[in-house]
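Below is one structure, written out as structure tokens; the observations come after it.
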Amino acid sequence: MKTYIKFLVNLFNLSFFKVFFTFFIIILITNILEQIDFFKNIELSFFYLIFLSFLNTPSIVFEILPFIFLIATQIFFINLIDKKELEIFKYTGLNNLIMIKIISLYAFIMGLIFIIFFYNISAVLKNSYLLIKNKYSDDNKYLAVITENGIWIKDEINSKINIINADGVDGEFLSGVSITQLNKNFEVINIIQSNKVNISSFKWKIFEPVILKNNEESYLNEMVLQSNFNIKKINSLFSNLSSLTIVELITLRKNYKSLNYSLIDIDSHLYKVISYPIYLTLITIFSAIIMFNIGYQRNSFYKITLGILLSVVIYYINYFFNILGTNEKIPLILSIFMPLIILTIINFISIVKLNEK
Numbered sequence: 001m002k003t004y005i006k007f008l009v010n011l012f013n014l015s016f017f018k019v020f021f022t023f024f025i026i027i028l029i030t031n032i033l034e035q036i037d038f039f040k041n042i043e044l045s046f047f048y049l050i051f052l053s054f055l056n057t058p059s060i061v062f063e064i065l066p067f068i069f070l071i072a073t074q075i076f077f078i079n080l081i082d083k084k085e086l087e088i089f090k091y092t093g094l095n096n097l098i099m100i101k102i103i104s105l106y107a108f109i110m111g112l113i114f115i116i117f118f119y120n121i122s123a124v125l126k127n128s129y130l131l132i133k134n135k136y137s138d139d140n141k142y143l144a145v146i147t148e149n150g151i152w153i154k155d156e157i158n159s160k161i162n163i164i165n166a167d168g169v170d171g172e173f174l175s176g177v178s179i180t181q182l183n184k185n186f187e188v189i190n191i192i193q194s195n196k197v198n199i200s201s202f203k204w205k206i207f208e209p210v211i212l213k214n215n216e217e218s219y220l221n222e223m224v225l226q227s228n229f230n231i232k233k234i235n236s237l238f239s240n241l242s243s244l245t246i247v248e249l250i251t252l253r254k255n256y257k258s259l260n261y262s263l264i265d266i267d268s269h270l271y272k273v274i275s276y277p278i279y280l281t282l283i284t285i286f287s288a289i290i291m292f293n294i295g296y297q298r299n300s301f302y303k304i305t306l307g308i309l310l311s312v313v314i315y316y317i318n319y320f321f322n323i324l325g326t327n328e329k330i331p332l333i334l335s336i337f338m339p340l341i342i343l344t345i346i347n348f349i350s351i352v353k354l355n356e357k
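In this text, residue positions in the sequence shown follow our numbering: the first is 1, and each later residue adds one.
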């Protein structure tokens, strides 16, 4: 590796980790305050709350990595400018385009490392955090999971435990449903079977149920079953995809597909994770172009403030397109990659102009 490349990479690493750990500490403190509020009526040690916050913080940091890269790139150039090193590189023939190539390629490599290692580690920690927190939650009595054998729901209500299994989901309906009702001693009360159950509300409508009790069958046209779940609540239980590793996401997607369950949320999350190295690279290039244009003209406070404002704008652009995609107003893959395409066009035009200077 050439000396100047090694120097730039080391300087970028220094700038990046300063920003990374600054955000990590800020998010950790915020998390601790949230845990204090959540567990205010439960006696837990302060160190345990810190531990819970450590479990939750990495997944949040992963979400804001684009902003970290943007500001880290600004810090990188501020260091070069303040020490007059940027001018020295230009005198030795290292032009703007070469410098952008070096840091953008390095940003892409860092992006790959983050999705392969950091994302999966943060997902494992997030899952542990949710499991621990669920023990202290009112929802601990309820459980819903999707496996290759269908959707499974454990629901405690009216002194009964309902173990529900369904073969598939079609809109607001469960198909191929079997409900085993148990008492508090886990003794079987009866078994309800139906080909179609409407779960649009907390009062499930079971169509043409077959009730098995004491080895006898009875038939009804329709019955109502009170539940703690409706389709909206079930969907929300599967919405925290950041607690699943990439392998688990792919497995869950297969299970969703086998159940005819909507793939929109999980596909959106997968596309987002897969495209992250490209996103981080484009953000780095974008930040570098800004710094080349205003580097000598403004003070450091202005540059950092501009970086934060641009981060917010980019976040809301991504959020807007993501909403369009998840609501199926535009194709999902377009909702993920359209902001990247826009950013690529802006970067390309800016680089051409920058290279002409």
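Idealized CB from N, CA, C, for every residue including glycine.
Predicted, not measured: the structure shown is a model, and the values here were computed from it.
Item to check | Neighbourhood of L28 by C-beta, 6 angstroms cutoff - its chain only, sequence neighbours within 5 removed | outcome: Position 28 of the sequence shown, counted from the first residue, corresponds to residue 28. Answer for L28: S53, T57, listed in chain order.
Next on the checklist: Tell me the DSSP secondary structure of L14 in three-state form.
Outcome noted: In the sequence shown, the residue the question calls residue 14 occupies position 14. The DSSP-derived three-state label of L14 is helix.
Next on the checklist: Assuming contact is defined by CB atoms lying nearer than 8 angstroms, are I153 and I161 in contact in what I supplied?
Outcome noted: As a first step, residue 153 is located in the sequence shown; it is residue number 153 there, counting from the start. As a first step, residue 161 is located in the sequence shown; it is residue number 161 there, counting from the start. In this structure, I161 does not lie closer than 8 angstroms to I153 by Cβ.
Next on the checklist: Tell me whether the segment 224-231 and the segment 189-209 touch, counting them as touching only if at least three CB pairs, one residue from each stretch, are closer than 8 angstroms.
Outcome noted: Short answer: they touch.
Item to check | CB contact flag (I351, I100, <8 angstroms) | outcome: As a working mapping, residue 351 is identified with position 351 in the sequence shown. As a working mapping, residue 100 is identified with position 100 in the sequence shown. Cβ distance < 8 angstroms, so I351 and I100 count as in contact.
Checklist entry - Three or more C-beta pairs closer than 8 angstroms, one from the segment 311-321 and one from the segment 251-270: is that the case here? => result no
Next on the checklist: Mapping the DSSP letters down to three states, classify F39 as helix, strand or coil.
Outcome noted: Against the sequence shown, residue 39 aligns to sequence position 39. F39: coil per DSSP, three-state reduction.
Item to check | CB contact flag (I64, L49, <8 angstroms) | outcome: The sequence position of residue 64 within the sequence shown is 64, counting from 1. The sequence position of residue 49 within the sequence shown is 49, counting from 1. No; because the gap between Cβ atoms is not below 8 angstroms, this pair is not in contact.
Item to check | Backbone CA spacing between N120 and I103 [nearest angstrom] | outcome: By one-based count along the sequence shown, residue 120 stands at place 120. By one-based count along the sequence shown, residue 103 stands at place 103. Straight-line measurement puts the Cα of I103 at about 25 angstroms from the Cα of N120.
Item to check | Identity of the residue in S200, E217, S175, F38 nearest S194 by Cα | outcome: Position 194 of the sequence shown holds residue 194. Among S200, E217, S175, F38, the Cα nearest to that of S194 belongs to S175.
Checklist entry - Should T284 and F69 be called a contact, given that it needs their Cβ atoms to be closer than 8 angstroms? => result Residue numbering aside, residue 284 sits at position 284 when the sequence shown is read from its first letter. Residue numbering aside, residue 69 sits at position 69 when the sequence shown is read from its first letter. Yes. Within cutoff.
Next on the checklist: Within a Cβ cutoff of 7 angstroms, which residues of the same chain sit near P277, ignoring the five residues on either side of it in sequence?
Outcome noted: Looking up residue 277 in the sequence shown gives position 277. Same-chain partners within the cutoff: F108, G111, L112, I115.
Checklist entry - Any contact of the segment 324-337 with the segment 254-271, i.e. 3+ C-beta pairs under 8 angstroms? => result yes
Next on the checklist: Closest to F117 by C-alpha separation, out of F39, V312, I246, D267, would be which residue?
Outcome noted: In the sequence shown, the residue the question calls residue 117 occupies position 117. Comparing Cα-Cα distances from F117 to each of F39, V312, I246, D267, the minimum goes to I246.
Item to check | Which of helix, strand or coil DSSP assigns to S201 | outcome: The residue given as residue 201 occupies position 201 in the sequence shown. Three-state result, S201: coil.
Checklist entry - What are the start and end residues of each continuous beta strand (DSSP E) run of 3 or more residues lying completely inside the segment 115-170, in chain order? => result Taken in chain order, the complete beta strand (DSSP E) segments of 3 or more residues contained in the segment 115-170 are 143-147, 150-157, 160-170.
Checklist entry - Secondary structure at Y319, three-state DSSP: helix, strand or coil? => result Within the sequence shown, the letter at position 319 stands for residue 319. It is helical.
Checklist entry - Taking the alpha carbon of S243 as the point to measure from, which residue in I60, L8, E34 has its own alpha carbon closest? => result For this step, residue 243 is matched to residue 243 along the sequence shown. Nearest option by C-alpha distance: I60.
Next on the checklist: With the cut-off set at 8 angstroms, would you say Y129 and F39 are in Cβ contact?
Outcome noted: One-based indexing of the sequence shown puts residue 129 at position 129. One-based indexing of the sequence shown puts residue 39 at position 39. No.
Checklist entry - Can you pull the DSSP bridge partners for L212? => result In the sequence shown, the residue the question calls residue 212 occupies position 212. Beta-bridge pairing links L212 to I191, E217.
Checklist entry - Contact check, N134 vs E172 under 8 angstroms by CB: the rounded distance? => result Within the sequence shown, the letter at position 134 stands for residue 134. Within the sequence shown, the letter at position 172 stands for residue 172. Not confirmed; about 26 angstroms, so no contact.
Checklist entry - Out of K126, I264, G307, I179, which has the shortest C-alpha to C-alpha gap to G325? => result Position 325 of the sequence shown, counted from the start, is the residue given in the question as residue 325. Minimum Cα distance to G325 is reached at I264.
Item to check | Proximity below 8 angstroms, CB of L354 to CB of F292 | outcome: Within the sequence shown, numbered from 1, the residue matching residue 354 stands at position 354. Within the sequence shown, numbered from 1, the residue matching residue 292 stands at position 292. Between L354 and F292, the gap from beta carbon to beta carbon is short of 8 angstroms.
Next on the checklist: Distance check for I349 and K232, CA to CA, integer angstroms please.
Outcome noted: Residue mapping note: residue 232 aligns to position 232 of the sequence shown, counting from 1. Residue mapping note: residue 349 aligns to position 349 of the sequence shown, counting from 1. Approximately 44 angstroms between the Cα atoms of the pair.
Checklist entry - Would DSSP call I330 helix, strand or coil? => result Here residue 330 refers to the residue found at position 330 when the sequence shown is read from its first residue. Three-state result, I330: coil.
Checklist entry - What does a CB cutoff of less than 6 angstroms around D267 pick up in its chain, not counting 5 residues either side in sequence? => result For the purposes of this step, residue 267 is taken as residue 267 along the sequence shown, with counting starting at 1. L332, listed in sequence order.
Checklist entry - Would you say Y256 and I146 are within 8 angstroms of each other, going by their C-beta atoms? => result On the sequence shown, position 256 is the one that residue 256 refers to. On the sequence shown, position 146 is the one that residue 146 refers to. Yes, Cβ-Cβ distance for Y256 and I146 is below 8 angstroms.
Checklist entry - What's the gap between the Cα of G307 and the Cα of V177? => result Translated into positions along the sequence shown, residue 307 becomes position 307. Translated into positions along the sequence shown, residue 177 becomes position 177. Roughly 53 angstroms separates the two Cα atoms.
Item to check | Candidates G150, I211, Y106: closest to V188 by CA position | outcome: Taking the first residue of the sequence shown as 1, we reach residue 188 at position 188. For V188, the nearest C-alpha among the options comes from I211.
Item to check | Spatial distance of I341 from T73 (CA atoms) | outcome: For the purposes of this step, residue 341 is identified with residue 341 of the sequence shown, where counting begins at 1. For the purposes of this step, residue 73 is identified with residue 73 of the sequence shown, where counting begins at 1. Straight-line Cα distance between these residues: approximately 21 angstroms.
Item to check | Beta-carbon proximity list for I5, same chain, < 8 angstroms, skipping 5 on both sides | outcome: Translated into the one-based positions of the sequence shown, residue 5 becomes position 5. For I5, where only same-chain residues beyond five positions count, the Cβ hits under 8 angstroms are I102.
Next on the checklist: Report the start-end ranges of each beta strand (DSSP E) in the segment 216-287 that is 3 residues or longer and not cut off at the edges.
Outcome noted: 216-219, 222-226
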